[in-house]
Amino acid sequence: MKTAVLTKVFPTRSHTVAAQGGVAASLGNSTEDNWHWHMYDTVKGSDWLGDQDAIEFMCKKANEVVVELEHYGMPFDRTDDGKIYQRPFGGHSMNYGQAPVMRSCAAADRTGHAMLHALYQRNVRANTQFFVEWMALDLIRDADGDVLGVTAMEMETGEVSIFHAKATIFATGGAGRIYFSSTNAFINTGDGVGMAARAGVPLEDMEFWQFHPTGVAGAGVLITEGVRGEGGILRNSAGERFMERYAPNLKDLASRDVVSRAMTTEINEGRGCGPDKDHVLLDITHLAPENIMKRLPGIREISIQFAGIDPIKAPIPVVPTCHYQMGGIPTNYKGQVVVPQGENNNAPVRGFYAAGECACASVHGANRLGTNSLLDLLVFGKSAGETVVEDFERGDLSLKPLPEDAADASLARLARLENQKNGESVHEVRLAMQRTMQKHAGVFRFNTLLKEGVDAILAVAERAKNTEIADKSQVWNTARMEALELDNLIEVAKATMISAEARKESRGAHVRDDALDNAETPNGRDDANWLKHTLWYSEDNRLAYKPVNLKPMSDDVEPIALAKRTY
Amino acid sequence: MSINRGRVRWHCRRALLELDIVFERFLARDFDRLGDDQLADLVDLLQLEDYDLWAMVNGSKPCEVERWKGLVALLRQA
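Residue numbers (the working numbering), protein chains in the order written: chain V, 1 to 567; chain S, 1 to 78.
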């Protein structure tokens with residue numbers, strides 16, 4: 001079996017580099033732990049939208065993949081007696097929520113970076129053929145719906161080729177750039193998610209996005225919670241310490257979602273700061289300058305660099321910032337892409353697999369726990385690879401003949417871009433999309449804004465069909481790349497807005513102001529009507545739903561029963 | 001062999017948002033004015049790992065390669 005990896009940037013420059021927190025595994029090296037507790041935490045974290053078979057699989061496999069990575073040379077931090085050191089992380093507990101547990105395995109603050117390097121070296125060892133700086137364009141499916149590979153453009157020449165494959169695995173990451181304020185690198189344009197959507201594969205649970213409360217306004221770069229821990233205060237346009245109204249006890253140190261929603265309410269009610277009243281201020285000017293220099297030097301540097309503000313003298317403009325995509329291409333625990341077919345809600349698409357942030361297994365459900373994202377990509381990346389081998393050995397995969405029109409869709413997209421006259425600027429359309437998403441489908445959601453948002457994003461999507469680029473050169477044409485990336489982003493944006501408008505409850509990261517918190521719908525969560533996965537189809541923007549799998553994989557594992565999510 | 005500017009521009013896409021933003025400003029303001037020698041130095045600088053490059057750009061780690069210092073100064077101003 002030959003393996004080719006297509007990647008638009010050098011493999012070790014993927015956004016996984018930015019993952020610092022670590023990878024969860026119940027090794028029990030620092031405190032007592034077991035995978036049942038990890039499973040409970042993950043189901044609860046997901047607000048019961050995660051599939052319990054996939055969650056059981058992931059938590060059970062965690063130790064194996066972490067130890068395997070260690071054997072590949074991953075430089076994990078160590079305890080004094082040489083074991084992998086583990087540290088605590090939000091949402092992870094021992095004995096079913098009783099006390100914090102030390103479950104995160106990290107390599108200093110460069111876990112994702114070290115992981116990418118370790119796995120890249122394994123690929124070099126295995127003679128994987130890398131096609132670096134190739135942009136995948138479209139998925140190729142035949143009349144049976146089977147996936148036969150992708151079309152892709154070599155950036156150095158601008159030439160389009162067909163990669164005819166028995167199996168295609170997507171590990172293409174998330175699309176956090178659909179939002180105006182995002183912690184994601186510019187490469188996170190949801191390329192695989194957009195390709196899948198255009199090829200008729202529905203996208204699952206795209207209304208669920210994780211936000212961090214304090215990203216620098218206009219830039220997205222994170223300001224750590226530690227700033228508020230040191231005494232930082234959030235203020236609105238009147239200079240009011242507004243968190244006193246929302247969380248009288250914890251004030252600025254309330255949990256991430258509470259702070260994010262309070263900030264959004266202030267902005268939506270006209271008390272935001274700046275000419276567009278679109279952010280609030282994080283004030284540390286009352287702290288002693290020597291303490292800021294000593295305890296928060298990195299934050300001062302970020303503020304000066306990205307907000308043009310020295311926080312010793314003036315407050316930092318901040319806004320809730322998009323961080324992680326919980327939904328994606330629907331997959332099962334084996335990494336197979338699954339779609340509804342007749343009575344079967346989860347029929348595998350022959351030849352198509354996905355893992356990581358682009359996929360929805362679904363283990364994160366409505367809300368991801370920190371350190372579970374690196375675990376997701378390790379476990380389901382490996383599982384997808386193993387399933388390809390199994391499917392191949394069973395004779396399920398073959399090099400089926402390509403349909404005659406295999407490259408037509410991609411060539412038509414490129415020709416349209418080449419010949420577009422009096423079209424729209426890619427930059428302007430992308431900005432319109434990002435502002436629409438930020439305003440209408442942000443961290444705290446309102447019925448009217450969502451309804452208006454659907455019309456607004458569909459209007460932006462129409463504009464995206466007419467983008468024009470001035471530079472028509474074939475070689476290293478970055479303007480063309482950005483136009484192609486926008487095609488992918490816009491699919492994700494539509495999926496998010498339409499799915500979010502339809503879900504009339506609060507669950508995990510999807511929080512509506514009109515979802516009442518009472519005995520029947522705790523925290524606004526309406527299990528009677530909404531304990532189900534959303535599926536969005538690009539072709540006609542229709543929605544379908546499928547049940548959440550509340551049954552673990554093993555008969556001897558008890559399901560985690562529905563309960564109100566409180567910490 | 002001459003260096004393709006589009007290629008260098010693409011290599012300014014990084015794994016960290018902090019660097020993306022710095023390079024976005026640098027590309028808009030300074031990139032087109034770079035001479036061939038500076039462009040060659042930039043190609044080398046871009047080979048660095050993202051965290052090492054970011055440490056140099058944010059000043060937490062000194063730039064010890066003489067011919068990179070001018071570029072790093074431009075990036076710090078960006």
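Heads up, the beta-carbon is just placed ideally off N, CA and C, and yes, glycines get one too.
Looking at the C-beta of residue i, does it have a partner C-beta in chain V at a distance below 9 Å?
i, result
"S/D50", "yes"
"S/L45", "no"
"S/V22", "yes"
"S/A28", "no"
"S/R13", "yes"
"S/G6", "yes"
"S/R9", "yes"
"S/L39", "no"
"S/L34", "no"
"S/L16", "yes"
Quickly, what does DSSP pair residue i with across the bridge? List them, please.
i, result
"V/Q305", "For V/Q305, which the question treats as bridged, DSSP gives no partner whatsoever."
"V/T183", "Paired residue(s): none; V/T183 is not in a bridge."
"V/M135", "V/M153"
"V/R235", "V/L281"
"V/R615", "Here chain V comprises residues numbered 1 to 567, so residue 615 of chain V is not present and cannot be evaluated."
"V/H510", "V/R507"
"V/P348", "V/V338"
"V/G102", "Going by the sequence as given, residue 102 of chain V is Met instead of Gly. Note: V/M102 sits in a beta bridge opposite V/P88."
"V/L253", "Partner(s): none; V/L253 has no beta bridge."
"V/E204", "V/G328, V/L535"
If we cut at 9 Å on Cβ distances, does residue i have a partner in chain S?
i, result
"V/E220", "Before going further, note that residue 220 of chain V is Gly rather than Glu in the sequence given. Yes, V/G220 counts as interfacial toward chain S."
"V/P297", "yes"
"V/Q121", "no"
"V/V9", "yes"
"V/E418", "no"
"V/E133", "yes"
Could you check where the alpha helix (DSSP H) with residue i kicks off and where it finishes?
i, result
"V/F380", "372-393"
"V/Y120", "111-125"
"V/S410", "408-419"
"V/T42", "35-45"
"S/G6", "5-11"
"V/S260", "256-268"
"V/V339", "From DSSP, V/V339 is part of no alpha helix (DSSP H) but of the beta strand (DSSP E) over 336-341."
"V/F57", "52-71"
"V/P11", "Careful: V/P11 lies outside any alpha helix (DSSP H) and carries neither H nor E."
"V/T496", "478-502"
"V/K294", "289-295"
"V/K400", "Run containing V/K400: none; DSSP gives neither H nor E here."
"V/V475", "Neither: V/V475 is in no alpha helix (DSSP H) and is coded neither H nor E."
"S/V72", "69-77"
Determine the extent of the beta strand (DSSP E) in which residue i is found, giving its start and end residues.
i, result
"V/P317", "316-325"
"V/A209", "Going by the sequence as given, residue 209 of chain V is Trp instead of Ala. Here the beta strand (DSSP E) through V/W209 covers 209-216."
"V/H279", "Premise fails: V/H279 is in no beta strand (DSSP E) and is neither H nor E."
"V/H15", "Unbroken run through V/H15: none, as it is neither H nor E."
"S/F23", "S/F23 -> not in any beta strand (DSSP E); alpha helix (DSSP H) instead, spanning 17-29."
"V/G194", "Careful: V/G194 lies outside any beta strand (DSSP E), inside the alpha helix (DSSP H) at 191-198."
"V/Y96", "From DSSP, V/Y96 is part of no beta strand (DSSP E); its letter is neither H nor E."
"V/H427", "Where V/H427 is concerned, there is no enclosing beta strand (DSSP E), although the alpha helix (DSSP H) it sits in stretches over 426-440."
"V/S161", "160-164"
"V/T448", "It is not in any beta strand (DSSP E) - V/T448 instead sits in the alpha helix (DSSP H) that spans 447-464."
"V/I169", "168-170"
Can we count residue i as close to the ligand MG, meaning its CB is less than 8 Å from some heavy atom?
i, result
"V/R228", "By its list of ligands, the structure shown contains no ligand whatsoever, and the ligand MG lies outside what it can speak to."
- What are the residues of the segment 145-162 of chain V that lie near chain S, defined by any Cβ-Cβ distance shorter than 8 Å? M155, E156
Item to complete: Pick out the complete alpha helix (DSSP H) segments inside the segment 513-562 of chain V, 4 residues or longer, and give them in chain order.
Response: 527-530
- Query: At a Cβ cut of 7 Å, what residues of the segment 12-31 of chain V count as close to chain S, listed as they run along the chain?
  - Reply: R13, S14, H15, V17, A18
Below 7 Å between beta carbons is the criterion; list the residues of the segment 474-508 of chain V that meet it against any residue of chain S, in chain order.
V475, W476, N477, T478
_For the segment 54-74 of chain S, list every residue whose C-beta sits within 8 Å of some C-beta in chain V, in sequence order._
N58, G59, S60
* Looking at chain S, which residues of the segment 177-196 of chain V have a Cβ within less than 7 Å of any of its Cβ atoms? -> T183, N184, A185, F186, I187
Against chain S: residues of the segment 104-116 of chain V by CB proximity under 7 Å:
R110, H113
- request: Below 9 Å between beta carbons is the criterion; list the residues of the segment 271-305 of chain V that meet it against any residue of chain S, in chain order.
  value: P297, G298, E301, I302, Q305
Would you mind listing the alpha helix (DSSP H) stretches within the segment 37-61 of chain S that are 4+ residues and don't spill past its ends, in chain order? 50-57
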